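Shown next, in structure tokens, is the structure this report addresses.
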Amino acid sequence: MRLALLGKPVDHSRSPAIFAAAFAAAGIDGSYETRSVDADGVMAAFGELATGELSGINITMPHKALAFSLCDRVDEQAARAGSVNTVVLEGSQRVGYSTDIDGIRTLWRRMPAAGPVLILGSGGAAAAAAVALAERTPYISSRRPGAGRDLGQRAGVEVGELRWRVPLVGANVVNCTPLGMKGEWLPNAVVEMASGLFDLVYAKQPTPAITYVKGKGLPVVSGLDLLISQAGFGFRLFTGVEPPLAAMRLAAEKP
22 MRLALLGKPV DHSRSPAIFA AAFAAAGIDG SYETRSVDAD GVMAAFGELA TGELSGINIT
82 MPHKALAFSL CDRVDEQAAR AGSVNTVVLE GSQRVGYSTD IDGIRTLWRR MPAAGPVLIL
142 GSGGAAAAAA VALAERTPYI SSRRPGAGRD LGQRAGVEVG ELRWRVPLVG ANVVNCTPLG
202 MKGEWLPNAV VEMASGLFDL VYAKQPTPAI TYVKGKGLPV VSGLDLLISQ AGFGFRLFTG
262 VEPPLAAMRL AAEKP
């Protein structure tokens with residue numbers, strides 16, 4: 022089995038280590054490579070999937086929407102989000118899934134049961150979060166006025182909209198922006214009034230927002246938590262085998 026991660030950049034990714042550990046624990050002969058590619062590279066990989074040179078593909082920023090357009094079919098929740106991060110060959114069709122949605126929904130049990138949901142951002146990750154949390158009628162906060170409303174319409178999710186930097190008291194905040202990847206802060210008031218933080222940013226060190234909210238004794242879910250969770254769903258799609266999550270987490274947390 023040969024898998025590939027497509028994105029730009031991907032040199033920081035822990036996915037090869039995670040999948041190597043999963044293959045070893047499950048006794049599967051498999052490999053997982055990263056490819057820093059532009060749009061042409063994504064299209065080439067889809068060709069390799071069609072011919073069987075690749076067994077499956079993971080996609081990360083900035084190619085999730087492009088991958089969506091190249092699939093022969095997408096599952097229902099990925100169709101609502103308008104992006105995919107996992108593509109497998111089913112018969113002769115390249116079928117796209119959003120395991121981000123599955124991962125967010127699974128990890129949400131760690132967040133407070135009460136309180137509104139405030140999603141920061143309006144891109145593909147925000148759409149996945151909105152679909153995953155549709156039952157909570159989330160609010161969307163984006164730098165671009167009207168972007169939250171547009172996202173809700175595309176995804177078929179009822180949403181509220183808040184201006185950027187405007188806090189929502191007691192909110193469960195979901196960061197779907199890149200802020201924090203290089204040590205940037207989220208809008209101060211938004212973080213200070215949160216009751217919990219789900220930060221999709223994956224970075225080598227905890228983001229400033231994660232550190233602050235965790236220091237207050239409030240619930241947090243990190244980008245690393247989501248990486249492991251969605252990788253587990255992807256492993257199941259690729260192999261048909263239950264993911265060895267303990268081994269995957271151990272590999273992800275190694276320095």
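Heads up, the sequence shown is in this note's numbering, so the first residue is 22 and it goes up one at a time.
Idealized CB from N, CA, C, for every residue including glycine.
What you are looking at is a predicted structure, and each value in this text was computed from that prediction instead of being measured.
**Request:** Measure the C-alpha to C-alpha separation of Met202 and Gly244 and round it to an integer number of angstroms.
**Result:** Met202 and Gly244: Cα-Cα distance of roughly 10 Å.
**Request:** Could you tell me which uninterrupted alpha helix (DSSP H) segments, each at least 4 residues in length, are contained entirely in the segment 207-257, listed from first to last along the chain?
**Result:** With a minimum length of 4 residues, the continuous alpha helix (DSSP H) runs that stay inside the segment 207-257 are 209-213, 229-236.
**Message:** Give me the residue from Tyr53, Leu87, Ile49 with the minimum Cα distance to Asp59.
**Reply:** Of Tyr53, Leu87, Ile49, the residue nearest in Cα terms is Leu87.
**Prompt:** Out of Gly144, Gly51, Arg101, which has the shortest C-alpha to C-alpha gap to Glu74?
**Reply:** It is Gly51.
**Prompt:** Can the beta-carbon of Tyr53 be found closer than 8 Å to that of Phe40?
**Reply:** A contact, by the Cβ cut-off of 8 Å.
**Request:** From the DSSP output, read off the bridge partner residues of Gln114.
**Result:** Glu111, per the DSSP bridge assignment.
**Prompt:** Taking buried to mean at least 16 other C-beta atoms within 10 Å of its own C-beta, is Arg101 buried or exposed?
**Reply:** Arg101 comes out buried.
**Message:** Could you pull the DSSP bridge partners for Glu182 from this structure?
**Reply:** Glu182 is bridged by DSSP to Ile161.
**Message:** Just to confirm the assignment, what range does the beta strand (DSSP E) spanning Ser52 have?
**Reply:** That run of the beta strand (DSSP E) goes 52-57.
**Prompt:** With burial defined as no fewer than 16 other Cβ atoms inside 10 Å of the residue's Cβ, what is the status of Pro159: buried or exposed?
**Reply:** Result: buried.
**Item:** Contacting residues, own chain, Cβ-Cβ under 6 Å from Leu91 (five flanking each side not counted)
**Value:** Cβ neighbours of Leu91 beyond the five flanking positions: Phe67.
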